[in-house]
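One structure below.
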Amino acid sequence: MRHASARRIIARLLEGQGFGEQAISQALMATLQDREDCPDTLKQLLDHVDDLGTDMARPYIGRLNQEPIPRDQRDLCAQLAPTLIDHPDDTGLNLASLLALVQLWPHVSSDERPLVRLRFLNGLTSRTAPAGSFATREHLCAWQRGLPTAHGAEEPNLASLQALLVEETPERAYRCLAEHLDPRIDLPRIGHVIGALALTLLRQFHDREGLALHVLLGSVAIERLAEWAEPEHLATLVAQLAHQLWWSRQKAQLPPVLMCLDSTPLPLVDAVRSGDVTLAQRAARSASQNAAGFWEDAWQLLADSISRRDEHWPRALGMASAIAWRGGANTVSPDDAAALASVFADMAHQRDRICL
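Just so you know, we're using our numbering here: the sequence shown kicks off at 893 and counts up by one.
As structure tokens, then:
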């Protein structure tokens, strides 16, 4: 993250009380601006977005506020990751906020660091989530005790992790994950697969509250935080994130995407603007064969969303940022492309309904 962008975010943080979706969006904006393939017009648009306010939160009261200030990003993760585990409401958003803080930390002056850490703690401990959507340490320990003795004897296969989505109980979902929490499989790879499963939900269901999107952002954070976080902390956070994914599929009652019978081919931008999710998915899969062309259209769609300044643009920003991280500038998978088109088309449909 460039120093000027980081300093602007830090100044806004210090004006507020928390560290939540606004701070995360600002960090995502700064990260996108660092990408070479991000067009100058979008960079300029991101640079002048002033709609984001500051995050509100309740004051944190606890011993961590008196602990020594972390010297670097590794110390920061070691100090704060256990607190994320102890406050698992919306683990995906918690992970995304920790990643944002880690990116900012080198740019925070020594006298600002206690206040910035306090803003983070305020936001983390103020966050809430629906009952049952999060797994506590106690849940994970109980589920671990219930595993069969021979569990994990065979070589784990990441392809089997998709079974997590269809399990009927959280215990069975954890059992599906547990065999993958194995030294033979690195945690960033598991995070990447959890992101792919979140994208499956985004293609199949309308995620208008951002439940699956938060899991996706958390999966990106798992991949990136592996550079600094302790493996034992990251493994627990992976388990909590996987539970959030399972709950989003099995308990959140997301409305399914209805298949469209119209097979008329349209360019990606036109298909997304039509508001027809399945039409947009088909166009995106076709467009993904030329990654450069796909991203040209995706950046245009994101710029359009930001220019409108409506309630949907932070969601568009999060989705584009996550897909860009997963694929890079020179590639995008058809499934990732289709998920991005699904979210953008759903937002177009919602805007059209409001205008009627």
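Just so you know, even glycine gets a beta-carbon here, dropped at the ideal spot from N, CA and C.
Just to confirm my understanding: we take residue i, look at its own chain, exclude 5 residues before and 5 after, and list those with CB closer than 6 Å. What are they?
i: A1065; result: L1056, E1059, W1138
i: V1112; result: A1214, W1217
i: H895; result: H999
i: L1050; result: V1085
i: A1175; result: L1158, L1160, A1163
Rounded to the nearest angstrom, what separates residue i and residue j at their Cα positions?
i: D1238; j: P1148; result: 12 Å
i: S989; j: L1103; result: 15 Å
i: P881; j: T933; result: In the structure as shown, the chain starts at 893 and stops at 1248, and residue 881 therefore has no counterpart that could be examined.
i: P1157; j: S1178; result: 10 Å
i: L1069; j: H940; result: 43 Å
i: S1155; j: L1126; result: 44 Å
i: D904; j: D1078; result: Asp is not the amino acid found at residue 904; the sequence shown has Arg there. Those two C-alpha atoms are separated by around 36 Å.
i: P974; j: T1017; result: 13 Å
i: T1092; j: L1039; result: 27 Å
i: R1141; j: A1163; result: 26 Å
i: L1248; j: P962; result: The pLDDT assigned to L1248 is 45, lower than 50, so where the model puts this residue is not dependable, and the model offers no usable value.
i: Q1132; j: P980; result: 7 Å
i: R1067; j: Q1036; result: 8 Å
i: A949; j: Q909; result: 6 Å
i: L1171; j: C1152; result: 7 Å
i: E1124; j: D964; result: 19 Å
i: S1116; j: D1244; result: One point to set straight first is that residue 1116 is Arg, not Ser, in the sequence displayed. When rounded, the distance between both Cα atoms is 37 Å.
i: R900; j: Q1096; result: 38 Å
i: W1187; j: C1033; result: 43 Å
i: E1030; j: L987; result: 20 Å
i: D929; j: A1230; result: 20 Å
i: D1228; j: E1004; result: 39 Å
i: G1110; j: L1160; result: 27 Å
i: L1194; j: G1185; result: 14 Å
i: Q936; j: S1199; result: 11 Å
i: L1232; j: Q1173; result: 8 Å
i: V1224; j: Q1181; result: 8 Å
i: L1108; j: S1002; result: 32 Å
i: A1183; j: G1220; result: 9 Å
i: P1226; j: L1146; result: 23 Å
i: A915; j: Q1136; result: 22 Å
i: L976; j: N1222; result: 34 Å
i: Q1242; j: G1167; result: 8 Å
i: E1260; j: S1052; result: An answer regarding residue 1260 cannot be provided, because it is not within the stretch 893 to 1248 covered by the chain.
i: R955; j: T1020; result: 21 Å
i: G945; j: F911; result: 11 Å
i: D978; j: T1128; result: 10 Å
i: R1076; j: D1196; result: 44 Å
In chain order, what residues of the same chain have a beta carbon less than 7 Å from the beta carbon of residue i, not counting five sequence neighbours either side?
i: V1169; result: V1149, S1234, A1237, D1238
i: G1024; result: W1139, K1143
i: N957; result: L1010, L1013
i: R1165; result: A1240
i: P1206; result: E913, S917
i: L920; result: L1209, G1210, S1213
i: S897; result: A922, Q925
i: L1007; result: L906
i: D1189; result: L1160, V1161, A1179
i: Q1054; result: L1089
i: W1191; result: C930, P931, L934
i: T1028; result: P980
Helix, strand or coil for residue i, going by three-state DSSP, please let me know.
i: P1080; result: helix
i: F1026; result: coil
i: P1148; result: strand
i: V1000; result: coil
i: G1219; result: helix
Within the same chain, show all residues whose beta-carbon is closer than 8 Å to that of residue i, passing over the 5 residues directly before and after it, in chain order.
i: V1130; result: L1069, L1073, L1079, I1082, G1083, I1086, I1114
i: I902; result: L996, H999, V1000, E1004, V1008
i: D1202; result: R1243
i: A1134; result: L1056, A1065, Y1066, L1069, I1086
Report whether the distance from the Cβ of residue i to the nearest heavy atom of the ligand NAD is below 6 Å.
i: R955; result: Only the bare structure without any ligand can be found here, which leaves the ligand NAD out of the picture.
(message) For a minimum of 4 consecutive residues, which ranges assigned as the alpha helix (DSSP H) are wholly contained in the segment 909-983?
(response) 913-925, 932-939, 965-978
(request) Could you tell me whether the segment 1110-1122 touches the segment 965-973, where touching means 3 or more Cβ pairs closer than 8 Å? (result) yes
(request) Determine contact between the segment 1088-1104 and the segment 992-1003, defined as no fewer than three beta-carbon pairs at a distance below 8 Å. (result) no
(message) To test your reading of the DSSP string, which unbroken alpha helix (DSSP H) runs of 4 or more residues are found completely within the segment 1141-1210?
(response) 1160-1165, 1169-1179, 1183-1200
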